[in-house]
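I have placed the structure first, in the form of structure tokens, so that the comments after it can refer back to it.
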Amino acid sequence: MEGMNMWKLFEKSQCTDWEYLKWLQEVGMITSSYSCSDCNVDMVLGKKNRCQDGSVWRCKRCKNTRTVRSGSWFEKSKMPLRKIVLITYMWAERFSQAQVMRECSISSKTVVDWFSFCREVCTTLMLRYHEPIGGEGKIVEIDESMFNKRKQNRGSKKKCQQWVFGGVEQGSNKCFLAKVDRRDAKTLVPLIMKNIRPGTTIYSDSWKAYDTLGRRGYRHLKVNHSITFKDGECCTNTIEGMWGLVKRMFPRCNRQKKQFDSYLAEFMFRRRFMQGKDSLASFVEQIVNLYKPSTEDTDAEDSETETAAGSDSE
1 MEGMNMWKLF
11 EKSQCTDWEY
21 LKWLQEVGMI
31 TSSYSCSDCN
41 VDMVLGKKNR
51 CQDGSVWRCK
61 RCKNTRTVRS
71 GSWFEKSKMP
81 LRKIVLITYM
91 WAERFSQAQV
101 MRECSISSKT
111 VVDWFSFCRE
121 VCTTLMLRYH
131 EPIGGEGKIV
141 EIDESMFNKR
151 KQNRGSKKKC
161 QQWVFGGVEQ
171 GSNKCFLAKV
181 DRRDAKTLVP
191 LIMKNIRPGT
201 TIYSDSWKAY
211 DTLGRRGYRH
221 LKVNHSITFK
231 DGECCTNTIE
241 GMWGLVKRMF
251 PRCNRQKKQF
261 DSYLAEFMFR
271 RRFMQGKDSL
281 ASFVEQIVNL
291 YKPSTEDTDA
301 EDSETETAAG
311 SDSE
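Okay, so the sequence shown: first residue is 1 according to the UniProt record's numbering, each after it adds one.
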């Protein structure tokens, strides 16, 4: 997947179904071996015209067949493998939903579902690989920001407004973000202790909820935003700049919906795993870690049917 771009994906899409499937095996998105649990023998990958992907796993002994998608990123979809890879690439490269609808000839619902699926990967892996930032000799800036702030008293009162608390480690891509309902010490201090290592130097504004940090194993310096002078080296420019990046990632219509947390996870995921790297290759690496293709026949319902390929809602 390294170095993949739209043109290379187009060239790859010109391969036969068999060649494309073998390529997906090479990059780990489709398993290269499959075992029949009934017979305890390896199944054989072979071509089959009247099936979804043109190939199935077949047991020579009991003649059972299994889809090549078992346990993989493709398992729950009926769209062609090529189209799913293209959608995944376009999400990784930050194409808009409207662009994906147009270029892939799919419905708004299908794009929303697949983008949500991609963000599920981000959410799951950020929870799985959670680690505090900062530490001895490190500086972390913390701040809170209101999302969907009303302008000139317009809009429904508090309906769509949401506070987000976050921190960013200076000199690295490491950060954390959390949706919060309150900005008091009871809410913010536990988040700080969960996400920032003891011994860290913390820069913040003068919000009273942070007053006890100096007694909790941190070196705490404050910025007074009411004056232009900043005390010594202390400033929070990095996290203040980060808020704009986070908010630009949110479609305005989704800032108040249940997907809010997943957009925060997407930002943290991209910053940690994808920034400065090959976007598709980095994302596929994490997909393969999370959706390891099945290598064993454990579910009889996974049999490949004798029907032509279907499609997602389009």
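Even glycine gets a Cβ: it sits at the ideal position worked out from N, Cα and C. Since this is a predicted model, take the numbers as computed values, not measurements.
CA nearest to the CA of residue i, picked from the options
i, options, result
"Ser-108", "Cys-118, Gln-97, Ser-116, Met-126", "Gln-97"
"Lys-222", "Phe-165, Ser-204, Arg-216, Leu-81", "Ser-204"
"Ser-37", "Gln-25, Lys-63, Trp-114", "Lys-63"
"Leu-213", "Tyr-89, Glu-2, Glu-141, Tyr-291", "Glu-141"
"Asn-195", "Lys-208, Phe-115, Ala-185, Cys-175", "Cys-175"
"Thr-31", "Glu-120, Phe-74, Trp-163", "Phe-74"
"Ser-172", "Gly-276, Trp-163, Met-79, Trp-18", "Gly-276"
"Lys-60", "Thr-110, Cys-234, Leu-45", "Leu-45"
"Asp-181", "Trp-207, Glu-240, Cys-235, Met-146", "Met-146"
"Cys-122", "Arg-271, Glu-296, Lys-208, Asp-278", "Arg-271"
"Asn-5", "Glu-120, Val-85, Leu-81", "Val-85"
"Glu-266", "Thr-16, Leu-125, Lys-47", "Leu-125"
"Ser-206", "Lys-247, Glu-144, Arg-248", "Glu-144"
"Ile-239", "Gly-166, Lys-208, Phe-115", "Gly-166"
Test: residue i CB closer than 8 Å to a CB of chain B
i, result
"Cys-122", "In the structure shown, chain B cannot be found, because there is only a single protein chain."
Residue range of the unbroken alpha helix (DSSP H) whose run includes residue i
i, result
"Trp-7", "6-13"
"Ile-84", "81-92"
"Glu-169", "Careful: Glu-169 lies outside any alpha helix (DSSP H), inside the beta strand (DSSP E) at 162-169."
"Lys-22", "17-26"
Within 8 Å, strictly: CB atoms of residue i and residue j
i, j, result
"Ser-282", "Phe-273", "yes"
"Arg-197", "Gly-135", "yes"
"Leu-177", "Leu-264", "yes"
"Lys-12", "Tyr-20", "yes"
"Gln-52", "Thr-65", "no"
"residue 396", "Tyr-89", "The question about residue 396 has no answer, for the chain in this structure spans 1 to 314."
"Gln-162", "Lys-179", "yes"
"Val-27", "Val-284", "yes"
"Thr-201", "Arg-219", "yes"
"Ser-70", "Met-29", "no"
Cα-Cα separation between residue i and residue j, rounded to whole angstroms
i, j, result
"Thr-228", "Asn-237", "Per-residue confidence for Thr-228 stands at a pLDDT of 47, beneath the threshold of 50, marking its modelled position as unreliable; the derived number appears in the next sentence. Cα-Cα distance, rounded: 13 Å."
"Tyr-210", "Ile-133", "18 Å"
"Ala-300", "Asn-49", "Reliability fails at Ala-300, whose pLDDT of 45 lies under 50, so the model's placement of it is uncertain and no value is given."
"Trp-91", "Cys-118", "8 Å"
"Phe-95", "Gly-3", "17 Å"
"Trp-243", "Phe-250", "11 Å"
"Val-100", "Pro-293", "26 Å"
"Glu-103", "Ser-77", "19 Å"
"Gln-286", "Tyr-34", "22 Å"
"Gln-170", "Cys-234", "12 Å"
"Trp-57", "Trp-23", "16 Å"
"Asp-184", "Thr-295", "50 Å"
"His-130", "Met-268", "11 Å"
"Asn-40", "Trp-18", "26 Å"
"Pro-80", "Met-193", "46 Å"
"Met-1", "Ile-139", "35 Å"
"Gln-14", "Arg-82", "10 Å"
"Phe-10", "Ser-116", "24 Å"
"Thr-16", "Gly-54", "10 Å"
"residue 315", "Asp-42", "No statement about residue 315 is possible, as the shown extent of the chain runs from 1 to 314 and does not include it."
"Val-164", "Lys-47", "52 Å"
"Phe-260", "Gln-25", "34 Å"
Range of the contiguous beta strand (DSSP E) that encloses residue i
i, result
"Asp-143", "139-147"
"Lys-174", "Neither: Lys-174 is in no beta strand (DSSP E) and is coded neither H nor E."
"Arg-58", "55-58"
"Lys-47", "44-47"
Could you tell me which uninterrupted alpha helix (DSSP H) segments, each at least 4 residues in length, are contained entirely in the region 101-133, listed from first to last along the chain? Runs found: 108-128.
Which runs of the alpha helix (DSSP H) spanning at least 4 residues fall entirely within the region 195-280, listed in chain order? Secondary structure in the region 195-280: the alpha helix (DSSP H) runs of 4 residues or longer, each lying completely within the stretch, are 237-249, 260-269 in chain order.
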